[in-house]
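Here the protein sequences come in this chain order: G and U. Quick note on UniProt numbering: the first sequence kicks off at 1 and runs consecutively. Quick note on UniProt numbering: the second sequence kicks off at 1 and runs consecutively. We put the CB at the ideal spot given by N, CA and C, even for glycine. A quick write-up on the structure given underneath.
Protein chains: 2
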Amino acid sequence: MEDLDRRIVTLLASDGRLSFTDLARDTGLSVSAVHQRVRRLQERGVIKGFRAVVDHEAAGLPLTALISIAPFDASAPDDIPDRLRGLHQIVACYSVAGEENYVLKVRVASPRELEDLLATIRSAAAVTTRTTVVLSTAWEDRSPFGD
Amino acid sequence: MEDLDRRIVTLLASDGRLSFTDLARDTGLSVSAVHQRVRRLQERGVIKGFRAVVDHEAAGLPLTALISIAPFDASAPDDIPDRLRGLHQIVACYSVAGEENYVLKVRVASPRELEDLLATIRSAAAVTTRTTVVLSTAWEDRSPFGD
DNA sequence: TATGAAAAGTAAACAGG
DNA sequence: CCTGTTTACTTTTCATA
Numbered sequence: 001m002e003d004l005d006r007r008i009v010t011l012l013a014s015d016g017r018l019s020f021t022d023l024a025r026d027t028g029l030s031v032s033a034v035h036q037r038v039r040r041l042q043e044r045g046v047i048k049g050f051r052a053v054v055d056h057e058a059a060g061l062p063l064t065a066l067i068s069i070a071p072f073d074a075s076a077p078d079d080i081p082d083r084l085r086g087l088h089q090i091v092a093c094y095s096v097a098g099e100e101n102y103v104l105k106v107r108v109a110s111p112r113e114l115e116d117l118l119a120t121i122r123s124a125a126a127v128t129t130r131t132t133v134v135l136s137t138a139w140e141d142r143s144p145f146g147d
Numbered sequence: 001m002e003d004l005d006r007r008i009v010t011l012l013a014s015d016g017r018l019s020f021t022d023l024a025r026d027t028g029l030s031v032s033a034v035h036q037r038v039r040r041l042q043e044r045g046v047i048k049g050f051r052a053v054v055d056h057e058a059a060g061l062p063l064t065a066l067i068s069i070a071p072f073d074a075s076a077p078d079d080i081p082d083r084l085r086g087l088h089q090i091v092a093c094y095s096v097a098g099e100e101n102y103v104l105k106v107r108v109a110s111p112r113e114l115e116d117l118l119a120t121i122r123s124a125a126a127v128t129t130r131t132t133v134v135l136s137t138a139w140e141d142r143s144p145f146g147d
């Protein structure tokens, strides 16, 4: 990726509502030039979208957990993500190399909801679960480019 | 959190560049009313910011890993997040309840860079590491409110 | 891939209920 | 906490290099 594009991506990764005017100032390009570059970055899929960063505690979902899962029957065809996609509490689903096959990140309102969710996950995807409760988040979703 | 606010947060969590005009249409409020509510949500810290969602593969960081860490010396004061904060490859840092003390999410360009990063983490924070490489991401950073 | 300029749309601030 | 209005700014498109 070109230097100017990386700069634009870094800027938008740390403030997704920066105006094209600001981006232009920070990159030395004209407003139209930045505009075109951002559009191209989106077309190429480098920028996949824009999101508000929500404080889940303040939003009523104070409990985050990481759940590693492995299928009961390792010979079954693996459509686990498809089986879990409908559970909106699962905010991330990674296929991983390791003892388990997938790691999920979930957000729930209470231990009780976590308990229910685990049961749902186990029966929906025919898996065993190993749950790690998040106690606190030092940081999250930081830009890997070093701002 | 009130219903209208939850709706606004959900909408912005799925498209962080929605205009106040669009938010007003989708909530039935006036443009000024949504404007004020969004400002208040930011002041209260419910909305912590806005970010571009970057495809890290396309952006040259194709390798993601989850690293669980535990201190060599459990009696030492725990300033691990502070010791790791400067490593920009660490995009998330969770304190967790479990065998290990922290789980990190890292993004790097290559296995070689992961190797270097692991060495840096071990010596910077005086910890042992257990690394789980992410093979693919089914989804990530989804809204937990069910859009 | 860049630029500047024009038209349409939006944000931000404000007065008032 | 809401509404409508105003002003300034921003987005988007276009012609052009």
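Contact criterion: CB-CB distance below 8 angstroms. Does residue i meet it with respect to chain G?
i         : result
Ile69(U)  : no
Glu113(U) : no
Arg17(U)  : yes
Glu2(U)   : no
Pro62(U)  : no
Asp141(U) : yes
Taking CB distances under 8 angstroms as the criterion, tell me whether residue i reaches chain U.
i         : result
Arg25(G)  : no
Thr137(G) : yes
Thr132(G) : yes
Arg7(G)   : no
Phe145(G) : yes
Asp55(G)  : yes
Helix or strand or just coil, what does DSSP make of residue i?
i         : result
Val46(U)  : coil
Ala142(G) : Looking at the sequence itself, residue 142(G) is Arg, so the reference to Ala does not match. In the structure shown, Arg142(G) sits in coil (DSSP, three-state: anything other than H, G, I, E or B).
Arg17(G)  : coil
Ala59(G)  : coil
Leu4(U)   : helix
Ser123(G) : helix
Leu118(G) : helix
Arg85(G)  : coil
Leu41(U)  : helix
Leu29(U)  : coil
Pro71(U)  : strand
Ala109(U) : coil
Ala24(G)  : helix
Using CA coordinates, which residue listed in the options is at the minimum distance from residue i?
i              : options                                    : result
Ala125(G)      : Leu104(G), Asn101(G), Asp55(G), Ile80(G)   : Ile80(G)
Asp82(U)       : Gly86(G), Ala138(G), Ala92(G)              : Ala138(G)
Asp141(G)      : Glu100(G), Ala13(G), Ser123(G), Gly98(G)   : Ala13(G)
residue 178(G) : Glu100(G), Asn101(G), Asp73(G), Ile121(G)  : This structure cannot speak to residue 178(G), because chain G is shown only from 1 to 147.
Val38(G)       : Met1(G), Glu100(G), Val53(G), Lys105(G)    : Met1(G)
Ala59(U)       : Arg112(U), Phe145(U), Val127(U), Val108(U) : Val108(U)
Pro114(U)      : Arg130(U), Lys48(U), Gly28(U), Tyr102(U)   : Rather than Pro, the amino acid found at residue 114(U) in this sequence is Leu. It is Arg130(U).
Gly45(U)       : Arg40(G), Arg44(G), Val53(G)               : Val53(G)
Thr128(G)      : Val9(G), Ala74(G), Asp55(G)                : Ala74(G)
Gly86(G)       : Leu11(U), Leu118(U), Val9(U), Asp147(U)    : Asp147(U)
Asp26(U)       : Leu117(U), Gly49(U), Asp5(U), Asp116(U)    : Asp5(U)
Glu99(U)       : Glu43(G), Asp3(G), Thr132(G), Leu18(G)     : Thr132(G)
Leu29(U)       : Ile47(U), Arg7(U), Lys48(U), Asp15(U)      : Arg7(U)
Val134(G)      : Phe145(U), Ala119(U), Tyr94(U)             : Tyr94(U)
Asp15(G)       : His56(U), Gly49(U), Pro111(U)              : Gly49(U)
Leu84(U)       : Leu117(U), Leu63(U), His56(U), Leu18(U)    : Leu117(U)
Leu41(G)       : Ser123(G), Val9(G), Ala76(G), Pro62(G)     : Val9(G)
His88(G)       : Leu11(U), Ser143(U), Asp3(U)               : Ser143(U)
residue 156(U) : Arg17(G), Ser136(G), Ile47(G), Asp3(G)     : The question about residue 156(U) has no answer here: the residues shown for chain U are numbered 1 through 147.
Phe72(U)       : Asp3(U), Ser123(U), Arg17(U)               : Ser123(U)
Glu57(U)       : Ser110(U), Asp3(U), Ala119(U)              : Ser110(U)
*Cβ-based contacts, 8 angstroms cut-off: residues of the segment 28 to 52 of chain U near chain G*: Arg44, Gly45, Val46, Ile47, Lys48, Gly49, Phe50, Arg51, Ala52
*What are the residues of the segment 95 to 127 of chain U that lie near chain G, defined by any Cβ-Cβ distance shorter than 7 angstroms?*
Ser95, Val96, Ala97, Gly98, Val103, Arg107
*Would you be able to state if there are at least three C-beta pairs under 8 angstroms between the segment 22 to 36 of chain G and the segment 17 to 32 of chain U?*
By the Cβ rule, the segment 17 to 32 of chain U does not count as touching the segment 22 to 36 of chain G, because fewer than three pairs are nearer than 8 angstroms.
_Tell me which residues of the segment 74 to 87 of chain G have at least one Cβ-Cβ distance to chain U shorter than 7 angstroms, keeping chain order._
Pro81
*Inter-stretch contact (C-beta, 8 angstroms, three-pair minimum) for the segment 65 to 75 of chain G and the segment 98 to 106 of chain G*: yes
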